[in-house]
Each structure stands twice: as C-alpha cells, then as structure tokens.
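Letter 106 of the sequence shown, counting from 1, is numbered 644 in the working numbering, and no numbers are missing. Even for Gly, the Cβ is constructed at its ideal location relative to N, Cα and C.
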Amino acid sequence: QNGKELWIWGDRLIDGKTTGIGLWEGSYNNTYRALDMIPKDVVINDWHYEKAHPTPVLFAAKGFNVIACPWQKTDVALNQVKMMNMFKENASKEMKPRYAGIMQTFWNNTRIFIDGMNDATEESKNDPSVQTFKELTKIW
539 QNGKELWIWG DRLIDGKTTG IGLWEGSYNN TYRALDMIPK DVVINDWHYE
589 KAHPTPVLFA AKGFNVIACP WQKTDVALNQ VKMMNMFKEN ASKEMKPRYA
639 GIMQTFWNNT RIFIDGMNDA TEESKNDPSV QTFKELTKIW
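Laid out in structure tokens, this is it:
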C-alpha cells in the first residue's frame, strides 16, 4: 500500500521443542503460536547458523514469503542456498514465489566486512563471515 514491507526474524515463530531446533533458533515459551496471527504480507527472515534446518517450508506453507539467513559457516550457508533452490524447483506455482532468497547476516563491525571484501587486512580477509559471503557470491 505504501511501498514498504515489514521483515521480521523467524526464530520466535518456530516450536523449538517439537522441531528439536532448540531454545535459540526456536521458541520454548510458545511464541511460535503467534505465527497464525501475523499478516501474510510480513516477510520472515529465517536464520539458522549451525545447520540448514528446512524451516522455510513451514513459513511458506503458512503463506509467508521467506528468506533463509545464514551467518559465518560456509557449509551451512551453501546448504541453505541448495535447500532454497530445491524448495523452489519442487514447489507448486502457489508456493514457488514464497521462497524469496538468501540474505547473509553479519554480526560484527561493518568495517571488518568492507575491509575483508577488499582484502585490506589479514584479519578482515580471514573473517568467517567475509569468507562465507565470498563463497556465496560464487554460486549466485
């Protein structure tokens, strides 16, 4: 309506006990029940840092556009890309557009990322998030 889109993190909207995902990447205090109360035009950013959990399907099946969000483990990030591609390739025409893509998260000083992308310092060049991003750009 106004050209704006609300994006939220999805971790509190996953039942951490039932899925086995746990307390950090899922909810133990029942906040996952709020998923059915959220307007469908909200985009869910589904972060997982240790493993490529297949939770984008959960959000897409509920009618949300979903973005998988890796961090600094290259193997996890690459698996998330493969998973999202597989979901899209095998999805119905209704579900396919809901798999909106990948967004890498970076939880450090922005200067480290900028320097790392420009190979400015050894520290920044070797930052795991920078290395992960560089690997992701090879397959995008």
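Contact set for residue i: own chain, Cβ-Cβ below 8 angstroms, skip 5 residues either direction
i: alanine 638; result: Val581, Asn603, Val604, Ile605
Identity of the residue in the options nearest residue i by Cα
i: glutamine 549; options: Asn540, Gly541, Asp584, Met575; result: Going by the sequence as given, residue 549 is aspartate instead of glutamine. Nearest of Asn540, Gly541, Asp584, Met575 to aspartate 549, Cα basis: Asp584.
i: valine 619; options: Asp653, Gln642, Arg636, Ile552; result: Gln642
i: leucine 551; options: Leu596, Leu544, Pro592, Arg636; result: Leu596
i: alanine 629; options: Asn617, Leu674, Ala599, Thr612; result: Ala599
i: histidine 586; options: Gly601, Asp613, Ile652; result: Asp613
i: tryptophan 645; options: Cys607, Ile677, Glu673; result: Cys607
Residue environment, residue i, which counts as buried when at least 16 other CB atoms sit within 10 Å
i: glutamate 563; result: buried
i: threonine 593; result: buried
i: methionine 575; result: exposed
i: aspartate 665; result: buried
Cβ neighbours of residue i in the same chain (closer than 7 angstroms, five flanking residues each side left out)
i: isoleucine 559; result: Ile552, His591
i: glycine 601; result: Lys578
i: glycine 654; result: Ser662, Lys663, Asp665, Val668
Residue range of the beta strand (DSSP E) that includes residue i
i: glycine 554; result: Counting along the chain, glycine 554 falls outside any beta strand (DSSP E), though it belongs to the alpha helix (DSSP H) covering 554 to 557.
i: alanine 638; result: 637 to 640
i: tryptophan 545; result: 545 to 547
For residue i, the first and last residue of its enclosing alpha helix (DSSP H)
i: glutamine 669; result: 666 to 677
i: glutamine 618; result: 612 to 628
i: aspartate 653; result: 648 to 655
Neighbourhood of residue i by C-beta, 6 angstroms cutoff - its chain only, sequence neighbours within 5 removed
i: glycine 554; result: Gly560, Leu561, Gly564, Ser565, Tyr566
(request) Could you name each continuous beta strand (DSSP E) segment of 3 residues or more that falls completely within the stretch 571 to 605, going from the start of the chain to the end? (result) You should have 581 to 585.
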